[in-house]
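Residue numbers (our numbering), protein chains in the order written: chain Y, -7 to 187; chain G, -7 to 187.
Number of protein chains: 2
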Amino acid sequence: MRTLLVERAARMLADREPVTLRALVEGTGASTMAVYTHFGGMPGLWSAVRQEGFTRLAGRLAAVPRTADPVHDLVALGVAYARNALDAPELYRAMFDARADLADALAADATFDRLVDAVARARDEGRLSPATDPRALATQYWAAGHGLVSLVVQGVLPAGGLAPLATRTAVALLTAAGDEPDRCRASVERAWAAG
Amino acid sequence: MRTLLVERAARMLADREPVTLRALVEGTGASTMAVYTHFGGMPGLWSAVRQEGFTRLAGRLAAVPRTADPVHDLVALGVAYARNALDAPELYRAMFDARADLADALAADATFDRLVDAVARARDEGRLSPATDPRALATQYWAAGHGLVSLVVQGVLPAGGLAPLATRTAVALLTAAGDEPDRCRASVERAWAAG
DNA sequence: GAGTATGACATAGCAGCGCTATGTTATGGC
DNA sequence: GCCATAACATAGCGCTGCTATGTCATACTC
């Protein structure tokens, strides 16, 4: 029942239908009380929906294959992140809703750790400077990507502009972290071409 | 009456009071109809509040002095942007609310143009590569800053972490655009120290 | 200057919202 | 067999944004 309601909410979100208590339970056979027994109320439901969003994102990132090029793999995570957001923009907006407490999204930590590990690997394999702080660079990388994706999802930037802007930003951040510019650019562009 | 209601809404936002139709007009002597005669409804009010937010931001950016160092001035705009957001986080969240149509915020264009001009000046004065596309770099710069500020406003990143992360990102973007690394770092850090 | 159109105001009440109080039913432990 | 517990349905509360309606002042027309 929990999963049924969460998935129905995600679908209504994707269909741009307003997710209200009564509209959510309609057709499920359940009554409005189901939301309170399982989630404690609408805020709890939204929290579960965000969890679901982060879980789906984690699944996408986990599906990114590991290749011999750690910088390529790092960028491939960003590409997967962007595709996940653009495939379900309403869910992405719900995940980062202004009035949401992101602290309740444990799955968010898992996805971020995946990014930190990818940075650490690129450093350990010599592509990035040994002085690189994986958490700091991952945060910069995530923030820049999140900023770009948010502006696209919100309609400020055209979707077609995302790839070139993200490419430039990724190259800038990674070369500043010590990667060799030409090699970096090749890795980044290959990741975007593959995604 | 328009400005009175908008400013009251901004103040309620800052005070973390829920901005509802009845709560907004209470104490102003006006009735709920005032919102409909002046704004056409609550969405219109929110649009006006966002306009007000962008106007205040434009005022902050306009107050940033022009110095002899164009890269310093560019970063100073970013510092002013961040300070504006952190001084009124609820207003910032309303400005970039997920369900807001940012197209109605004409003042947003003005603030972005200010950033584009600063990039163009840095290029024309030889600090950045002549091949630099001011709009593209300004967009990268804004997206990265917006991403970082959003995460801080949302409580994901601690406020104290903003300056070092923004510094690193700014240096990465500007050196990738052709600025000399040491000189760039000095300009960036001076701008953060001054702000 | 009288008549009137227009815009801003107040009042009352609508449907919808999230939520809760209450009653009912099914399941599992002793 | 008894009962505690959890999940369900129903009804209704207070609040939301919004609208229908009436009033009033201003300003424009002739």
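In this text, a Cβ means the ideal position worked out from N, Cα and C, and glycines have one as well.
Quantities reported herein were computed from a predicted structural model and do not represent experimental measurements.
Which term fits residue i, buried or exposed, when burial requires 16 or more other beta carbons within 10 angstroms of its beta carbon?
i                      : result
residue -4 of chain Y  : exposed
residue 44 of chain G  : buried
residue 33 of chain Y  : exposed
residue 18 of chain Y  : exposed
residue 23 of chain G  : exposed
residue 151 of chain Y : exposed
residue 68 of chain G  : buried
residue 42 of chain Y  : buried
Does the beta-carbon distance from residue i to residue j come in below 8 angstroms?
i                      : j                      : result
residue 30 of chain G  : residue -7 of chain G  : yes
residue 73 of chain Y  : residue 49 of chain Y  : yes
residue 134 of chain Y : residue 155 of chain Y : no
residue 168 of chain Y : residue 163 of chain G : yes
residue 120 of chain Y : residue 170 of chain Y : yes
residue 126 of chain Y : residue 108 of chain Y : yes
residue 182 of chain G : residue 64 of chain G  : yes
If I'm right that residue i touches residue j with Cβ under 8 angstroms, what's the distance once you round it to whole angstroms?
i                      : j                      : result
residue 103 of chain G : residue 166 of chain G : With a Cβ gap of about 19 angstroms, residue 103 of chain G and residue 166 of chain G do not count as contacting.
residue 187 of chain Y : residue 111 of chain Y : Contact doesn't hold; Cβ gap of about 18 angstroms is too wide.
residue 136 of chain G : residue 139 of chain Y : 6 angstroms
residue 149 of chain Y : residue 131 of chain G : 7 angstroms
Apart from the five residues just before and just after residue i, which ones in its own chain have a Cβ nearer than 8 angstroms to its Cβ?
i                      : result
residue 16 of chain Y  : -3, 0, 1, 4, 27, 37
residue 180 of chain G : 63, 64, 67, 159, 162, 163, 166
residue 8 of chain G   : 82
residue 75 of chain Y  : 52, 187
Once the 5 residues before and after residue i are set aside, which same chain residues still bring their CB inside 7 angstroms of it?
i                      : result
residue 77 of chain Y  : 84, 141, 145
residue 157 of chain G : 140
residue 46 of chain G  : 87, 97, 99, 100, 103
residue 66 of chain Y  : 110, 111, 114
residue 188 of chain Y : Lying outside -7 to 187, the shown extent of chain Y, residue 188 of chain Y is not represented and no answer is given.
residue 13 of chain G  : 24, 27, 34
residue 143 of chain Y : 149
residue 21 of chain G  : none
residue 58 of chain Y  : 65
residue 117 of chain G : 62
Could you check which residue in the options has the C-alpha nearest to that of residue i?
i                      : options             : result
residue 6 of chain Y   : Y/80, Y/164, Y/58   : Y/80
residue 11 of chain G  : G/82, G/62, G/107   : G/82
residue 106 of chain Y : Y/153, Y/123, Y/129 : Y/129
residue 147 of chain G : Y/123, Y/89, Y/8    : Y/89
Once you ignore the five residues that flank residue i on each side, which residues in its own chain have a CB closer than 6 angstroms to its CB?
i                      : result
residue 113 of chain G : 62
residue 124 of chain Y : 115, 169
residue 56 of chain G  : 68, 69, 72
Say yes only if the C-beta of residue i is nearer than 7 angstroms to one or more non-hydrogen atoms of the ligand SAM, and no if none qualify.
i                     : result
residue 30 of chain G : In the structure on display, the ligand SAM does not appear, and there are no ligands present to speak of.
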